[in-house]
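If you read the sequences in order, they're chains S and G.
Heads up: the first sequence begins at 77 in the working numbering, then just goes up one per residue.
Heads up: the second sequence begins at 1008 in the working numbering, then just goes up one per residue.
Ideal placement from N, C-alpha and C gives every residue a C-beta, glycine not left out.
Computed from a predicted structure; not experimentally measured.
Comments concern the structure below.
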Amino acid sequence: MNLKKYLSLTRAGIMESLQFRLGTVVMVIGNLLYLIVVYFLWKAIYASAGTDVVNGMTFTDTLIYLVLATALFGFMEMYTVWEIGRNIQSGKIVLDLLKPMEYRRYLFWSYSGSFVTQFFFTFLPTFIIVGIVTHGAIPLGVNLLYFVISVVMAVSINYSIDFFVGTICLFTESIWGINIMKQVIVLLLSGATIPIAFFPEPLKTIVYYLPFQSIYNAPLTLLLDGDPKFETVITILGTQLIWCIVMTVLSTLFWKVSLRQITVNGG
Amino acid sequence: MSAIIQIKNVTKEFKVLNRREGLKGSLKDLFSRDYKIVRAVDNISMDIEQGEIVGYLGPNGAGKSTTIKMMTGVLEPTSGEILVGGNIPYQNRAKNAQEIGVVFGQRSQLWWALPLIESFKLLKDIYQISDSDYKSMMHLYQSLVDIEPLLHKPVRQMSLGQRTLSDILAAFLHNPKIVFLDEPTIGLDVSMKSKIRILINALNKEKNTTVILTTHDMGDVDALCRRIVIIDKGKMLYNNDIEHLKGFFGSYRTLKIRMDGDLKQQAEVIQKELPDFSVSADEEWISVLVDEEKSKVMEVLNQLQKSHEIRDMQLEEISTEDVIKKIYEEGVE
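Below you can see the structure in the form of structure tokens.
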């Protein structure tokens, strides 16, 4: 594998995302507004609960978790489904398919650039601010290493799911409904909108058997646990690794099978 | 030498859902399994040699794009064989992609937000072009077009003509054996069209690249192609040299003459004198459609001059456009 051609896609992606300065600013403001809503919502929830600790999490715990989940979303969400759908509808997908590179990889690496910029412009600042504001509520130790490993796998799982759903667009030739459905399912079941600790027991059990919690819940759990047991770490990372492989294989196969069916617009 | 593209009895069928009318019909369609088979390409065979420029013509919806998509490997033929540079395109898409370049007139493969030079650098890495090949290609480009002002301009700020030009350069960058140009001059002004034709011709000569060109502009065909293939409704109508095409409907030329007096009346008189040819008249001219296999235009003119006073004359050749139009409308007999 020649890494250079992939890295130059990343490079172009970084340059491209830096072209749209205003877009970045608007996104940061949007995230900020969302966080304000989250703050007041959970404040009300904790006030009505009457106790400081709900489902084993304090208000601060919950807030840190959700703020970081939002920041994580900011750079992990690649809008792959949109991109595939749009490319299919406009027929541009033909040009992408004619690159001497697998489409799955081509799309991923084209996106990886905005990834890098998002990491430095939204996730890292949020992380640092949360750290400062909460006076070190985020433990800084070996958990950071686990977190990084976990995020890399989370990115891969997230992309595979997106790519899988995007592939469905080959058949439906419509994007909107599918994308919304995917987004709601992923964000809810991954613990990005509500911490999984708050789920009712039966649902919690189901969720742990699904791949989604490996995307947001897993890395955040590893990050926020200052003194993780070795077993816990291995279980979480192991689960992620399994899902990583399974989803990669599934989405690749599904794409290969589907591509044979492809009819591109404008013949 | 074996052909670079070999197409043998290729057919492509699409399954299309039978849509019903109205809201009720649309609702029913949601559960319908009622498909009909549409044959977009019907038993086409042709060979294309390395270095040829072939015009691939046909009315809208004739199956041109479908054929091209099969040659590039995006679509798999329903039956028949396609070999492009020895590869079966849809089985070896990535390998095939290395050998071909594509330009779709209405879409761009360039990176929208970035200056052109960045797109070139990216393509250099993606196609793994060596530094020396890249340099010599850029030299060639500089000698052919004034590329310098374009290189540092973001693609989204380019005019359509500049963008198309850039797209063509991008498609040739990795020195592919075959370049597919799908309506490259669509929507361009006259001077840009001619610039692009000159560029394509030069690149074809310089690199011996095979070019498959689809277009609706007969100017492109006259300027570039030595050979054309015409298809309609998926069937191949014509596959031969362009000269041969002109003799296809006999060797007709139109002789136009101007005379004093009422042209309609005089046309009737001339028609009696020349029973072999059809004569018509409009406001300014009397037109005689001369079949040169029966008698030469000069003989007809001489004969007319004896009995009429001719003030002015014009000679019209039948153009490629006329012939193609005739083929589209009437088919080949």
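Contact of Thr1018 (chain G) with chain S is not assigned, every C-beta pair being separated by 7 Å or more.
Counting only runs of 3+ residues, the beta strand (DSSP E) found wholly inside the segment 1065 to 1136 of chain G occupies 1086 to 1091, 1107 to 1111, in chain order.
In this structure the segment 1197 to 1205 of chain G does not touch the segment 1122 to 1137 of chain G; the number of beta carbon pairs closer than 8 Å is below three. For a Cβ distance threshold of 7 Å, residue set Lys80, Lys81, Ser84 of chain S lies close to Asp1132 (chain G), ordered along the chain. Here Thr193 (chain S) is near Ser93 (chain S), since their CB atoms are less than 7 Å apart. When CB distances to chain G are screened at a threshold of 7 Å, not a single residue of the segment 185 to 200 of chain S falls below it. Our two residues, Phe1187 (chain G) and Ile1012 (chain G), have alpha carbons roughly 12 Å apart in a direct line. Here Ile233 (chain S) is near Met323 (chain S), since their CB atoms are less than 7 Å apart. In this structure, the beta-carbon distance from Lys1263 (chain G) to Gln1321 (chain G) falls below 7 Å. Looking at the DSSP output, Lys1022 (chain G) shares a beta bridge with G:Ile1044. Contact fails between the segment 279 to 289 of chain S and the segment 1027 to 1035 of chain G, because fewer than three Cβ pairs, one in each stretch, are under 8 Å apart. In the three-state DSSP reduction, Glu1280 (chain G) falls in the helix class (H, G or I). For Pro276 (chain S), no CB of chain G lies under 7 Å from its own CB, so it is not counted at the interface with that chain.
Looking from the CA of Asp1289 (chain G), the closest CA among G:Gln1273, G:Glu1250, G:Val1045, G:Gly1168 belongs to G:Gln1273. Within the segment 1230 to 1310 of chain G, the runs of alpha helix (DSSP H) that reach at least 4 residues and sit entirely inside it are, in chain order, 1249 to 1253, 1270 to 1280. Using a Cβ distance threshold of 7 Å, Asn1211 (chain G) and Ile1060 (chain G) count as a contacting pair. By the Cβ criterion, the segment 1109 to 1123 of chain G is in contact with the segment 1157 to 1176 of chain G, since at least three pairs of Cβ atoms, one from each stretch, lie closer than 8 Å.
Taking each of G:Ser1314, G:Asp1049, G:Ser1326, G:Lys1015 in turn and checking the Cα distance to Ile1055 (chain G), the smallest one comes out for G:Lys1015. Judged by their CB atoms, Val309 (chain S) and Tyr222 (chain S) are nearer to each other than the 7 Å cut-off. Of the residues S:Ile321, S:Ala125, S:Ala147, the one whose Cα lies closest to the Cα of Phe196 (chain S) is S:Ala147. For Ile310 (chain S), the three-state secondary structure derived from DSSP is helix. Annotation: the continuous alpha helix (DSSP H) that includes Ile1207 (chain G) extends over 1197 to 1214. From the listed residues G:Gly1068, G:Lys1184, G:Asp1174, the smallest Cα separation to Asn1103 (chain G) is found for G:Lys1184. Between the segment 1069 to 1088 of chain G and the segment 1036 to 1052 of chain G there are three or more C-beta pairs closer than 8 Å, enough to call the two in contact. Comparing alpha-carbon positions, the option among S:Val170, S:Tyr141, S:Phe135, S:Thr156 lying closest to Leu1082 (chain G) turns out to be S:Val170. Closest option to Tyr155 (chain S), judged by alpha-carbon separation, among S:Leu296, S:Ile254, S:Leu300: S:Ile254. Inclusion of Gly89 (chain S) and Ser186 (chain S) in the CB contact set at 7 Å is warranted, their separation being smaller than that value. A Cβ-Cβ separation of about 14 Å leaves Gly267 (chain S) out of contact with Tyr285 (chain S) under the 8 Å criterion. Where Phe135 (chain S) is concerned, there is no enclosing beta strand (DSSP E), although the alpha helix (DSSP H) around it starts and stops at 135 to 152. Per DSSP, the unbroken beta strand (DSSP E) holding Phe1187 (chain G) starts and ends at 1185 to 1189. Val325 (chain S) and Thr243 (chain S) have their C-alpha atoms some 14 Å from each other. Taking 7 Å as the threshold, the shortest C-beta distance from Gln1116 (chain G) to chain S falls below it.
Residues are counted here when their Cβ sits less than 9 Å from a Cβ of chain G; for the segment 110 to 138 of chain S the count is zero. In terms of Cβ geometry, Cys245 (chain S) and Gly167 (chain S) do not form a close pair [threshold 7 Å]. Cβ neighbours of Leu1117 (chain G) within its own chain (closer than 8 Å, five residues either side excluded): Leu1123, Ser1126, Val1162, Arg1170, Ser1173, Asp1174, Ala1177. Here the segment 199 to 216 of chain S lies against the segment 290 to 305 of chain S, with 3 or more beta-carbon pairs under 8 Å apart.
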